[in-house]
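Take any residue in the sequence shown, count from 1 to its spot, add 4: that is its number in the numbering used here.
Don't be surprised by glycine CBs; every beta carbon is placed ideally from N, CA and C.
These notes concern the structure reproduced below.
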Amino acid sequence: QQLIQVSGRAGRVRKPGEVWLQTHHPDHPLLGTLISGGYHAFAEAELEQRQAAGFPPFAHLALLRAEAKHVDAAGSFLQAARSAIDSAGAHDMATLELQGPLPAPMSRRAGMHRMQLLLSSASRRSLHARLDAALPFIHELPEARKVRWSLDVDPLDLY
Numbered sequence: 005q006q007l008i009q010v011s012g013r014a015g016r017v018r019k020p021g022e023v024w025l026q027t028h029h030p031d032h033p034l035l036g037t038l039i040s041g042g043y044h045a046f047a048e049a050e051l052e053q054r055q056a057a058g059f060p061p062f063a064h065l066a067l068l069r070a071e072a073k074h075v076d077a078a079g080s081f082l083q084a085a086r087s088a089i090d091s092a093g094a095h096d097m098a099t100l101e102l103q104g105p106l107p108a109p110m111s112r113r114a115g116m117h118r119m120q121l122l123l124s125s126a127s128r129r130s131l132h133a134r135l136d137a138a139l140p141f142i143h144e145l146p147e148a149r150k151v152r153w154s155l156d157v158d159p160l161d162l163y
């Protein structure tokens, strides 16, 4: 949507405009759809992909991030947190998918190793209930003292 807005500002009534886009993925199919088919074709294709992948708006996400001086500390914390989340939902019939622990897309920053655990559910209520049940246990984990961690509900990005 921002690309469409910016490109609309490039030209005016009598003055043609030009838009340059810098990307790491110039051959990405969605970019081709946006350029050739416009915003509506792009939005339709993007929504189809999001539905197939279980991403918003068809699912609700939470991202548990951890960073530590040693990669093992971040991984151990997230693995223990994953176990706490699994235990908290032992009687919950709603599906909660957990992916990770995995290295963050930018796995090192300022000398710290970064890892993450992605939680996904079709039900916002179930996601929040599971997090509410698990968070007290996560706070008490011995591994929690060895890392800097945060929980991002409805993350805007996954890095």
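Assigned with DSSP and collapsed to three states, Gly79 falls in helix. According to the DSSP assignment, Ala66 belongs to the beta strand (DSSP E) that extends over 64-72. Apart from the 5 residues on each side of it in sequence, Val23 sits with its Cβ closer than 7 Å to the Cβ of Val10, Ser11, Ala14 in its chain, given in chain order.
Beyond the five residues adjoining it in sequence on each side, Leu155 comes within less than 6 Å, by CB distance, of Leu68 in the same chain, given in chain order. Under DSSP, the beta-bridge partners assigned to Glu101 are Ser124. Between His28 and Ile8, the alpha-carbon positions lie close to 19 Å from each other. By the Cβ test, the segment 139-148 is not in contact with the segment 114-122, since fewer than three Cβ pairs between them sit closer than 8 Å. Shown here for Leu82: same chain residues with a beta carbon closer than 6 Å to its own, the five before and five after excluded, namely Ala70, Pro105, Met119, Leu121 in chain order. In this structure, the beta-carbon distance from Ala49 to Leu145 does not fall below 7 Å. For Ile39 and Asp76, the gap between their C-alpha atoms comes out near 44 Å. DSSP places Arg118 within a strand segment (E or B) once states are collapsed to three. Spanning the alpha carbons of Val157 and Leu65 requires a straight line of approximately 6 Å. With fewer than 16 neighbouring CB atoms inside 10 Å of its own CB, Ser91 falls in the exposed class. When secondary structure is reduced to three states using DSSP, Val157 falls in the strand class. DSSP, read as helix, strand or coil, puts Pro61 in coil.
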